[in-house]
Amino acid sequence: TCDAGGSSIVSHFLHGPDAGKLMESMTRFYCLVYHSKNSAIATEMPCLCARASLIEMPGEHAKYLYQFSPNETQLLSGSTAVRTKRTDHAFKHKNEIIATYVRDWRRYEETFRILYTNYVSCVVFNSTNLGVQLWVRRKLLLQEEGMPYLCALTYDLATKGSGVRQMVYDWKKCRERRSYKEKLEHDS
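For the sequence shown, the working numbering gives the first residue as 1, with consecutive numbering after it.
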């Protein structure tokens, strides 16, 4: 690719990300482990997990279900519409997922650029609100396996210099929270 993300970590991988393929592979819950911006998310949406709940047009449009548990008894959930987009033609496939949501009666869009994914266990995004993010499949977190190496490495390289990790996944608390235990009938 000519530029494929410029100085972004994405330009160092042999194959660029495919947002459509990722969308179709995220029918099981992925949970936000940590991110580099907006420390309020850990208290606003602790133990946050998300998955594609309805793929309206494969590779193009979907609805994502998200859920989080502020404490042991509550389960809060919602859904958001997403679509895929290509940053520029240097990328072979669409490499961004754009989420649309409403807050305080205003419509917002947030672009999640895919830095790396293996389409099975993890994905590293970059967005304006959360910065660089590491999402890991819920099943791996519950099995207490280590973070998938290439995703953890990508996160570290993308945040080099800052080294910031705003933790959202609490190893001791999240496993027992309802966002990790309920509404997971399609997860394996």
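All residues carry an ideal CB built from backbone N, CA and C; glycine is no exception.
- Short of 6 Å from the beta carbon of E110, and not among the five residues preceding or following it, lie these beta carbons of its own chain, in chain order: A99, S127, N129.
- For the pair Q166 and S69, the CB atoms are not nearer than the 8 Å cut-off.
- Cβ neighbours of L54 within its own chain (closer than 7 Å, five residues either side excluded): A62, K63.
- Ranking H93, S36, Y108, C122 by CA distance to the CA of K160 puts S36 first.
- Taking 8 Å as the cut-off, the beta carbon of V168 is found no closer than this to the beta carbon of A50.
- For the pair V124 and Y155, the CB atoms are nearer than the 8 Å cut-off.
- DSSP places E96 in the uninterrupted beta strand (DSSP E) bounded by 96–103.
- In terms of Cβ geometry, A19 and E96 form a close pair [threshold 8 Å].
- The three-state reading of DSSP puts M26 in coil, since its state is none of H, G, I, E or B.
- Excluding the 5 residues flanking it on each side, Y30 has same chain C-beta neighbours closer than 8 Å at C49, A50, R51, C122, V123, W135, V136, R137, R138, in chain order.
- Here L65 has A50, R51, S53, S77, S79 as same chain residues with Cβ atoms under 7 Å from its own Cβ, once five neighbours each way along the sequence are excluded.
- Annotation: M23 to A152 spans about 20 Å, alpha carbon to alpha carbon.
- Membership of L65 in the beta strand (DSSP E) is indicated by the continuous run 61–68.
- When beta bridges are read from the DSSP output, N126 appears opposite R113, V132.
- Residue ranges of uninterrupted alpha helix (DSSP H) with 4 or more members, entirely inside the stretch 140–185 and ordered along the chain, are 149–158, 178–181.
- Measuring C-alpha to C-alpha distances from L150 to each of N118, W171, S25 identifies N118 as the nearest.
- In this structure, DSSP gives K21 a helical state, which the three-state scheme calls helix.
- One thing to note: L75 has its Cβ within 8 Å of the Cβ of E182.
- Taking C-beta atoms as the reference points, L140 and R175 fail to come closer than 8 Å.
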